[in-house]
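Beneath this line is the structure, given in C-alpha coordinates, with notes to follow.
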Amino acid sequence: ALVRHGATAWTLTGRYQGRADPPLCPQGFTEAATLAASLRDHAISQIVTSPLLRARQTAAILAAAASLPSPATDNDLCEIDYGAWEGLTQPEIKSSWPGLLRTWKQTPEAVRFPGGESLAGVRQRVRAALRTWHRAPHAHAVVLVTHATWIKLALIETGQLPPEHFRHFPVPTGTLFWLPGPLSSAPPTEPRAHAAP
(Lines of atoms letter the chains of each structure in order from A; the text may use other names.)
(Lines give C-alpha, C1' and ligand atoms only; values in the text may rest on other atoms or scores of the structure.)
Protein backbone atom coordinates (compact mmCIF):
# COMPACT_ATOMS: atom_id res chain seq x y z
CA ALA A 32 0.00 0.00 0.00
CA LEU A 33 1.09 3.57 -0.66
CA VAL A 34 0.32 6.50 1.64
CA ARG A 35 0.76 10.19 0.97
CA HIS A 36 1.85 12.10 4.06
CA GLY A 37 -0.51 14.45 5.88
CA ALA A 38 -0.86 18.14 5.06
CA THR A 39 1.69 20.84 5.86
CA ALA A 40 1.32 24.61 5.89
CA TRP A 41 2.93 24.60 2.46
CA THR A 42 0.39 22.11 1.12
CA LEU A 43 -2.45 24.36 2.27
CA THR A 44 -0.93 27.46 0.65
CA GLY A 45 -0.09 25.72 -2.64
CA ARG A 46 3.70 25.86 -2.32
CA TYR A 47 5.88 23.35 -4.12
CA GLN A 48 7.53 21.25 -1.41
CA GLY A 49 9.83 18.73 -3.05
CA ARG A 50 12.90 18.19 -0.85
CA ALA A 51 12.00 21.11 1.44
CA ASP A 52 11.15 19.80 4.88
CA PRO A 53 8.15 21.51 6.50
CA PRO A 54 6.46 19.57 9.33
CA LEU A 55 2.86 18.44 9.42
CA CYS A 56 0.36 21.14 10.30
CA PRO A 57 -2.60 20.41 12.65
CA GLN A 58 -4.69 19.23 9.68
CA GLY A 59 -1.87 16.88 8.69
CA PHE A 60 -1.72 15.29 12.14
CA THR A 61 -5.50 14.80 12.03
CA GLU A 62 -5.29 13.18 8.59
CA ALA A 63 -2.56 10.81 9.78
CA ALA A 64 -4.55 9.83 12.88
CA THR A 65 -7.69 9.21 10.82
CA LEU A 66 -5.73 7.09 8.36
CA ALA A 67 -4.16 5.14 11.22
CA ALA A 68 -7.61 4.35 12.59
CA SER A 69 -8.76 3.11 9.19
CA LEU A 70 -5.79 0.71 9.00
CA ARG A 71 -6.53 -1.02 12.30
CA ASP A 72 -8.52 -3.75 10.56
CA HIS A 73 -5.65 -4.54 8.16
CA ALA A 74 -2.71 -6.82 8.91
CA ILE A 75 0.14 -4.38 8.38
CA SER A 76 3.57 -5.99 8.86
CA GLN A 77 5.89 -3.05 8.26
CA ILE A 78 5.82 0.70 7.61
CA VAL A 79 8.55 2.30 5.51
CA THR A 80 8.91 6.04 5.04
CA SER A 81 10.53 8.73 2.97
CA PRO A 82 13.23 10.54 4.99
CA LEU A 83 11.38 13.86 4.79
CA LEU A 84 9.86 15.06 8.06
CA ARG A 85 6.23 15.23 6.90
CA ALA A 86 6.40 11.58 5.83
CA ARG A 87 8.27 10.46 8.95
CA GLN A 88 5.70 12.14 11.21
CA THR A 89 2.86 10.47 9.31
CA ALA A 90 4.59 7.08 9.41
CA ALA A 91 5.26 7.34 13.15
CA ILE A 92 1.54 7.88 13.82
CA LEU A 93 0.61 4.88 11.64
CA ALA A 94 3.22 2.67 13.30
CA ALA A 95 2.17 3.63 16.83
CA ALA A 96 -1.49 2.92 16.08
CA ALA A 97 -0.59 -0.50 14.65
CA SER A 98 1.81 -1.33 17.52
CA LEU A 99 4.65 -1.71 15.02
CA PRO A 100 8.35 -0.85 15.46
CA SER A 101 9.64 2.53 14.35
CA PRO A 102 9.32 2.83 10.56
CA ALA A 103 12.29 2.05 8.36
CA THR A 104 13.54 4.90 6.15
CA ASP A 105 14.14 4.49 2.42
CA ASN A 106 15.72 7.40 0.54
CA ASP A 107 14.20 6.10 -2.70
CA LEU A 108 10.76 7.13 -1.37
CA CYS A 109 11.77 10.82 -1.34
CA GLU A 110 9.69 13.39 -3.23
CA ILE A 111 10.88 14.82 -6.54
CA ASP A 112 13.49 17.56 -6.21
CA TYR A 113 11.81 20.72 -7.54
CA GLY A 114 15.07 22.67 -7.23
CA ALA A 115 14.53 26.41 -7.55
CA TRP A 116 10.74 25.97 -7.51
CA GLU A 117 10.64 24.74 -3.92
CA GLY A 118 8.81 27.08 -1.57
CA LEU A 119 7.14 28.93 -4.44
CA THR A 120 3.50 29.10 -5.46
CA GLN A 121 2.38 28.58 -9.05
CA PRO A 122 1.86 32.34 -9.68
CA GLU A 123 5.40 32.98 -8.41
CA ILE A 124 6.77 30.26 -10.68
CA LYS A 125 4.83 31.60 -13.66
CA SER A 126 6.43 35.02 -13.25
CA SER A 127 9.96 33.58 -13.53
CA TRP A 128 9.55 30.38 -15.60
CA PRO A 129 6.37 30.78 -17.70
CA GLY A 130 7.60 28.50 -20.49
CA LEU A 131 8.82 25.76 -18.18
CA LEU A 132 5.58 25.86 -16.16
CA ARG A 133 3.61 25.49 -19.40
CA THR A 134 5.75 22.50 -20.40
CA TRP A 135 5.28 20.96 -16.92
CA LYS A 136 1.51 21.18 -17.38
CA GLN A 137 1.49 19.83 -20.94
CA THR A 138 4.42 17.38 -21.22
CA PRO A 139 5.77 16.86 -17.69
CA GLU A 140 8.14 14.08 -18.74
CA ALA A 141 10.13 16.67 -20.74
CA VAL A 142 10.91 18.84 -17.70
CA ARG A 143 14.01 18.89 -15.54
CA PHE A 144 13.49 21.38 -12.75
CA PRO A 145 16.15 24.10 -12.43
CA GLY A 146 18.64 22.71 -9.95
CA GLY A 147 16.39 19.68 -9.43
CA GLU A 148 15.19 16.37 -10.86
CA SER A 149 13.25 15.06 -13.83
CA LEU A 150 10.40 12.55 -13.69
CA ALA A 151 12.73 9.99 -15.27
CA GLY A 152 15.06 10.28 -12.28
CA VAL A 153 12.21 9.81 -9.82
CA ARG A 154 10.89 6.86 -11.79
CA GLN A 155 14.24 5.09 -11.38
CA ARG A 156 13.87 5.47 -7.61
CA VAL A 157 10.27 4.25 -7.78
CA ARG A 158 11.35 1.11 -9.62
CA ALA A 159 14.16 0.46 -7.16
CA ALA A 160 11.88 0.82 -4.13
CA LEU A 161 9.13 -1.34 -5.60
CA ARG A 162 11.66 -4.08 -6.34
CA THR A 163 13.10 -3.84 -2.83
CA TRP A 164 9.80 -3.97 -0.98
CA HIS A 165 8.24 -6.56 -3.29
CA ARG A 166 10.99 -8.91 -2.07
CA ALA A 167 10.31 -8.15 1.60
CA PRO A 168 8.61 -10.79 3.77
CA HIS A 169 4.84 -10.26 3.73
CA ALA A 170 5.23 -7.70 0.92
CA HIS A 171 1.44 -7.43 0.60
CA ALA A 172 1.32 -5.98 4.14
CA VAL A 173 4.03 -3.31 3.72
CA VAL A 174 2.92 0.34 3.77
CA LEU A 175 5.16 2.89 2.01
CA VAL A 176 4.69 6.47 3.24
CA THR A 177 5.75 8.81 0.48
CA HIS A 178 4.69 11.76 -1.71
CA ALA A 179 2.24 12.69 -4.47
CA THR A 180 4.59 12.57 -7.47
CA TRP A 181 6.11 9.31 -6.23
CA ILE A 182 2.68 7.69 -5.80
CA LYS A 183 1.51 8.70 -9.28
CA LEU A 184 4.68 7.31 -10.86
CA ALA A 185 4.30 4.09 -8.85
CA LEU A 186 0.72 3.73 -10.08
CA ILE A 187 1.95 4.24 -13.64
CA GLU A 188 4.81 1.78 -13.11
CA THR A 189 2.44 -0.92 -11.82
CA GLY A 190 -0.14 -0.42 -14.57
CA GLN A 191 -2.73 1.25 -12.33
CA LEU A 192 -2.66 4.68 -14.00
CA PRO A 193 -2.26 5.60 -17.68
CA PRO A 194 0.82 7.85 -18.11
CA GLU A 195 -1.25 10.55 -19.77
CA HIS A 196 -3.26 10.95 -16.54
CA PHE A 197 -0.18 11.89 -14.51
CA ARG A 198 -0.87 15.62 -14.32
CA HIS A 199 -4.57 15.37 -13.49
CA PHE A 200 -4.81 12.38 -11.16
CA PRO A 201 -5.48 13.64 -7.60
CA VAL A 202 -3.43 12.33 -4.68
CA PRO A 203 -4.75 14.22 -1.63
CA THR A 204 -2.77 14.38 1.59
CA GLY A 205 -3.55 11.61 4.04
CA THR A 206 -4.61 9.25 1.26
CA LEU A 207 -3.90 5.52 0.98
CA PHE A 208 -3.74 3.53 -2.27
CA TRP A 209 -3.90 -0.25 -2.33
CA LEU A 210 -1.78 -1.93 -4.98
CA PRO A 211 -3.29 -5.32 -5.83
CA GLY A 212 -0.90 -8.20 -6.33
CA PRO A 213 2.90 -7.98 -6.24
CA LEU A 214 4.11 -4.40 -5.97
CA SER A 215 6.27 -4.64 -9.08
CA SER A 216 3.83 -6.42 -11.40
CA ALA A 217 0.27 -5.55 -10.41
CA PRO A 218 -2.38 -6.12 -13.11
CA PRO A 219 -4.02 -3.00 -14.56
CA THR A 220 -7.03 -1.89 -12.58
CA GLU A 221 -8.54 1.33 -11.31
CA PRO A 222 -6.49 2.71 -8.40
CA ARG A 223 -8.40 2.55 -5.12
CA ALA A 224 -7.83 5.47 -2.81
CA HIS A 225 -9.00 5.92 0.76
CA ALA A 226 -8.66 9.49 2.00
CA ALA A 227 -9.05 10.85 5.46
CA PRO A 228 -12.22 12.98 5.61
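Using my numbering, the first residue of the sequence shown is number 32, and each one after it goes up by one.
Even for Gly, the Cβ is constructed at its ideal location relative to N, Cα and C.
Counted within 10 angstroms of its Cβ, other Cβ atoms place residue 151 as buried (16 or more) or exposed: exposed
task: Go through its chain and collect everything with a Cβ distance to residue 19's Cβ below 6 Å, but skip five positions before and after it.
output: With the chain covering only 32 through 228, there is no way to say anything about residue 19.
query: Roughly how many angstroms separate the alpha carbons of residue 42 and residue 181, rounded to a whole number?
result: Each residue's CA atom was taken as its position, placing residue 42 and residue 181 some 16 Å apart.
task: Take residue 172 and list the residues in its own chain whose beta-carbon comes closer than 8 Å to its own, dropping the five residues that flank it on each side.
output: 73, 74, 75, 76, 77
message: Taking only three categories from DSSP, how would you classify residue 202?
response: Coil at residue 202, not helix or strand.
- request: Report the partner residues of residue 149 according to the DSSP bridge assignment.
  value: 143
task: To the nearest angstrom, report how far apart residue 195 and residue 189 are at their CA atoms.
output: 14 Å
message: Can you give me the C-alpha to C-alpha distance between residue 71 and residue 97, rounded to a whole angstrom?
response: 6 Å
query: Mapping DSSP to helix, strand and coil, what is residue 239?
result: Residue 239 is absent from the structure shown; the chain starts at 32 and stops at 228.
task: Would you identify the three-state DSSP class for residue 80, choosing helix, strand or coil?
output: Correct three-state label for residue 80: strand.
task: Name the residue from 167, 161, 193, 99 whose alpha carbon lies nearest to the alpha carbon of residue 33.
output: 161
query: Is the beta carbon of residue 124 less than 9 Å from the beta carbon of residue 147?
result: no
field: Three-way DSSP call (helix, strand, coil) for residue 103 in this model
entry: strand
message: Could you check whether residue 174 and residue 131 sit closer than 9 Å to each other, using their CB atoms as the reference points?
response: no
field: First through last residue of the alpha helix (DSSP H) which encompasses residue 133
entry: 129–137
field: Outcome for residue 44 when other beta-carbon atoms lying within 10 angstroms are tallied against a minimum of 16
entry: Result: exposed.
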